[in-house]
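Engineer:
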Amino acid sequence: MGSLYLKNRIPDGSKLCISIVEGPTTPQGSFVASARLVLEDGSEEIWDDSQVHPGPKCKKLRSPEGYVWRVRIAFTSAATQTAIINATITKPDGTVFGKPYAEPVSGRNGDIARATIMAITQQQ
Amino acid sequence: MSTSLRVAVALLAGFHCCLAIAAEPICKPEDNIGTCWDRYFPQTAAAVDPSVSAAAAKDGEEQLKSFETGLDGGSAALATTTRNFLPLLSMAGLISDSDGNAEDNLFTIDLNFLIPGLATDKNAQLKAVLNTDPTLFAPLQEAIDTSGNAELAASLKSQLDAADDYTIAFAYTHINDRFGRSFKQYQRRFSNLFEAVLEVATQAGAASTDERSDLARLVDFLKTVPGDLDADTPLRDAPGIQPLLEHAAAAEASLERNVHLTANTYNLKQFAELVNNQPQLTFSAELRERDVLVGAKEKTVKVTYEFGLANVSQYEKKFGRQCESVANAADTKARLGLAMQCLSGYSEYIRDNRDTLRNADRFVAELSYADIDDYSYSQNGLNVARDGAHRLDFSVGYGRTLRALGEDRDSRLDLVAKYQDYSDDPELRDRMVTTLTFTTKVNGFSVPISLVYANHSEFLPDSDHELGAHIGIKFSLDSKED
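So the sequences go chain by chain: A and B. Heads up: the first sequence at position 80 corresponds to 80 in this note's numbering, and the numbers run straight through without jumps. Heads up: the second sequence at position 135 corresponds to 135 in this note's numbering, and the numbers run straight through without jumps.
(1) Using the Cα positions of Asn8 (chain A) and Glu24 (chain B), report the straight-line distance between them to the nearest angstrom.
(2) What are the boundary residues of the beta strand (DSSP E) that Pro100 (chain A) is part of?
(3) Quick one: what's got a C-beta closer than 8 Å to Gly60 (chain B)'s C-beta in the same chain, skipping five residues either side?
(4) Check whether chain A comes within 8 Å of Gly337 (chain B), counting only Cβ atoms and requiring the distance to be less than that.
(5) Using the beta-carbon of each residue, which ones in chain A are nearer than 8 Å to Val200 (chain B)?
(6) With distance defined between alpha-carbon atoms, name the residue in B:Val259, B:Leu281, B:Pro139, B:Cys27 nearest to Ala124 (chain B).
(7) Have a look at the DSSP bridge pairing and note the partners of Pro234 (chain B).
(8) Have a look at A:Ser63, A:Gly2, A:Ile85, A:Val96 and flag the residue whose alpha-carbon is nearest the alpha-carbon of Pro54 (chain A).
(9) For Arg39 (chain B), is the classification buried or exposed, using 16 other Cβ atoms within 10 angstroms of its Cβ as the cut-off for buried?
(10) Find the nearest neighbour of Lys297 (chain B) within the set B:Leu287, B:Val303, B:Tyr305, judged by alpha-carbon distance.
(11) Pairing CB atoms from the segment 81-99 of chain A with CB atoms from the segment 211-226 of chain B, are three or more of them under 8 Å?
(12) According to DSSP, simplified to helix, strand and coil, what is Phe221 (chain B)?
(13) Quickly, what does DSSP pair Glu298 (chain B) with across the bridge? List them, please.
(14) With distances taken Cα to Cα, identify the nearest neighbour of Arg108 (chain A) among A:Lys15, A:Asp48, A:Thr88, A:Pro27.
(15) Pull up the DSSP beta-bridge partners for Asp214 (chain B), would you.
(16) I'd like to know if the segment 332-351 of chain B and the segment 197-205 of chain B are in contact, where contact means that at least 3 CB-CB pairs between them fall below 8 Å.
(17) Just grab the DSSP bridge partners of Gly388 (chain B) for me.
(18) Report the three-state DSSP secondary structure of Glu24 (chain B) (helix, strand or coil).
(19) With H, G and I counted as helix, E and B as strand and the rest as coil, what does DSSP make of Ile120 (chain A)?
(20) List the residues of chain A whose Cβ lies closer than 7 Å to the Cβ of Val312 (chain B), in chain order.
(21) Indicate the three-state DSSP secondary structure (helix, strand or coil) for Lys441 (chain B) in the structure shown.
(22) Can you confirm whether Ala260 (chain B), when its beta carbon is compared against all beta carbons of chain A, has any partner nearer than 8 Å?
(23) Hey, Pro134 (chain B) and Val294 (chain B): beta-carbon distance below 8 Å or not?
(24) Got a sec: is the Cβ-Cβ distance from Leu6 (chain A) to anything in chain B below 8 Å?
(25) For Ile33 (chain B), go through chain A and note every residue whose CB falls closer than 8 Å to its CB, in chain order.
(26) Taking Val32 (chain A) as the reference, give the member of B:Gln159, B:Glu256, B:Leu268 with the closest Cα.
(27) Which of helix, strand or coil does DSSP assign to Gln278 (chain B)?
(28) Quick one: grab the DSSP three-state call for Glu195 (chain B).
(29) Around the C-beta of Leu37 (chain A), are 16 or more other C-beta atoms found within 10 angstroms, so that it is buried, or is it exposed?
(30) Which residues, taken in chain order from the segment 325-336 of chain B, show a beta carbon closer than 7 Å to some beta carbon of chain A?
(31) Would you decide whether Met432 (chain B) is buried or exposed? Buried here means 16 or more other CB atoms lie within 10 Å of its CB.
(32) Would you mind telling me which residues of chain B sit closer than 9 Å to Pro64 (chain A), beta carbon to beta carbon, in chain order?
(33) Relative to the C-alpha of Arg178 (chain B), which residue among B:Asn311, B:Val303, B:Ala248 is closest?
(34) So, does the CB of Asp93 (chain A) fall closer than 8 Å to a CB anywhere in chain B?
(35) So, at 6 Å on beta carbons, what are the nonlocal neighbours of Ile350 (chain B) in its own chain, with the 5 sequence-adjacent residues on each side left out?
(36) Enumerate in chain order the residues of its own chain whose CB-to-CB distance from Gln278 (chain B) is below 6 Å, with the five nearest sequence positions on each side excluded.
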C-alpha cells in the first residue's frame, strides 16, 4: 500500500485504531513499535510498544480536526523479520470507514521502518 | 567529539540534505498521493520492491549463518562455551580423529523441531548423540584379551552399530528478568530506549527545521478538500496539494533521517548484543543407552551457567533503569532531559565495553552428576561384572570470536577444562581433560577443529597423558523465527 495512509471526510465520533503485529513467520521479540500522535501544538502523544504492539490502541476522532501519527518499528533480530502496521477507522455506527491499512515492513537488527497515518475529520 | 556534539552535527547534516530535496520537487505529474510521499523515503521503496526485500532477507540470513556459536555437541572432543538454542535441526559429527578414544565418531543431531510446544521461547533443546563406531566395553575387551580368544573379539565387534550407543539429551534454560537470551523478555527495556531516541531526534529536529508547520499546512489544506482523498488519489485529482505534500514529505523525511542518525550515534542496535550476552542458566538431563557389549547405561544431570561480560544486567547494575522514567516526565522539556540522560548512560556503557562486545567473550561453568548402572556380561564363557558408579564432573571454559580472521564473526576459539571425579569407583581414575576448539565457517558449514589433552585415560590400565586431535563438521537449519 505504501507508507502513507490517508483518509479525509471522516465522520465526527469515529475512532481510529492502530495495531502492529508480527508477520506470519515472525516470532515475538523481533521488534518494538511506537506510534506518536502529532498534536495541534506540535507536541506528540506517545503510544509506546506496550500499547500498540499488538494493540489495538484507539483514538476517538473529533471534528473539525486533523490527526497525524508517526509510526516506527525498530527491528532487533539478526535475521530479517516482518511487522504489519494496521490502522482501521470505525464510524460511530460501528461500520468500518474506507479501506483499512495493512502495511508489511521488514528489517533486521538496526533497521527502523516507518509509516505515516493521516486522518482528517469531516468539517461541520 | 562529545556525544551531544556528534548528534548536533548529524542532525544538521540531515537538515541540509532535506532542505535541498524540498527545493526541487521530485514527484511526477502521474503520481498519486502515496507514491509521491514515498519518493521522499528511499527505504520505503526497498520495503515495497519484492526484489529488494528478498535481497535484504537473504543478506540477513547470511549474517545469521556466519555468526559462529561453536558446536555444543555434548562431547568433550568439541567443547564450546556457547549453547545455541536456535537451530530447528542441526547435525554435527567428527570426521577425523587421531586417538581412537571414546569421544570419537560421535554424531550429534539437534531435534528441536520435535518439541515446538516446549521451545516456543527458544529455551529448550532436544538432542541425540549417536556413537557411529561403538567399541567393546574396555573391561570386556580386557577379559577377551586375557582369554586369548581373538575370534570372539572380532565377532562381537562386528555385531555393533550406532544403535548400540546413543544418548538422548534434553536441555532447558531458565528465563526470567535476569537469565535467558530471548529478546522478548527485554522488549520493554528496548522500547524505553527506542522512545528516548525518538524523543531526542524529534525535539532536536524541531529546533532546526519547521517540519511541524509543513505538516500542519498540509493538514489544514486537507481539511478544506471537498471530495474524498486517500493515498491512491492521483495528484491531478487534488489540485494544489503537490507542493504542500512535497514540503511535508521532505520535512518528515528529514525527521526520519534524524531518528536514524540518533539511533546510530547512541548505538541502539548494540542492545541486541547485550541481550545475547545475558547469563544463561541451563538444566540438562541425559540418558545414555548402551548395548551390554559397549558398556553400562548412564543417567546424567547437569547445571550450566554461561555469561558474557557486557550484558543487560551489568548495564542496569551500573546505570539502573533510568530509561523507564522518560515516559513519565511531566512535560516535553523534562522528557528530553530524561531521554538524554538515558541515552548518555547507555552509550557510555556500550563505548566502555566495545572490545568485549566485539569479541563476544563467553564464560561457562558446568557441574554434572552421572549415575552409571551396574554392569554384567555372562556369555561366551566370560563373566565380567562391575558395580554401578557415580561420576562428578566440573568444567570451566572461556571462548571468543576471532576478529583477526574477519569482521563477520565467522570463527571462534573455545577452551574448556573439565575435571572428572570417579571417587567411588576403584577401577576408574579421576582425570583432567582440556579441550581447545577452533570453529570456523566454510561454505555455510561449521568446521570445528579441536585438540584434547587428558592427564591420563579413564580406565586404570591405560597409559597417562593422552593427546588427541579432532576435526568435525556441523550443518544447522536455523529456525525462520529468529
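Ideal Cβ positions, reconstructed from N, Cα and C, are used throughout, including at glycine. Please read all numbers here as calculations on a predicted model, not as lab measurements.
Structural biologist: Considering the structure as presented:
(1) 27 Å
(2) Pro100 (chain A) -> no beta strand (DSSP E), and no H or E assigned at all.
(3) Summary for Gly60 (chain B): the model assigns pLDDT 37, below 50, so the residue's position carries little reliability; its value from the coordinates is reported in the next sentence. Excluding residues within five positions, none has a Cβ falling inside 8 Å.
(4) no
(5) Within chain A, no residue comes near Val200 (chain B); the closest Cβ sits about 13 Å away, beyond 8 Å.
(6) B:Leu281
(7) B:Asn32
(8) A:Ile85
(9) buried
(10) B:Leu287
(11) no
(12) helix
(13) B:Arg288, B:Ile372
(14) A:Pro27
(15) According to DSSP, Asp214 (chain B) bridges with nothing at all.
(16) yes
(17) Bridge partners of Gly388 (chain B): none, in fact.
(18) coil
(19) strand
(20) In chain order: nothing, as chain A lies at least about 12 Å away.
(21) strand
(22) It should be noted that the sequence gives His, not Ala, for residue 260 (chain B). Closer than 8 Å: yes.
(23) yes
(24) yes
(25) Leu4, Leu6
(26) B:Leu268
(27) coil
(28) helix
(29) buried
(30) Ala327, Thr332
(31) exposed
(32) Lys223
(33) B:Asn311
(34) no
(35) Asn267, Gln270
(36) Arg181, Asn311, Val312
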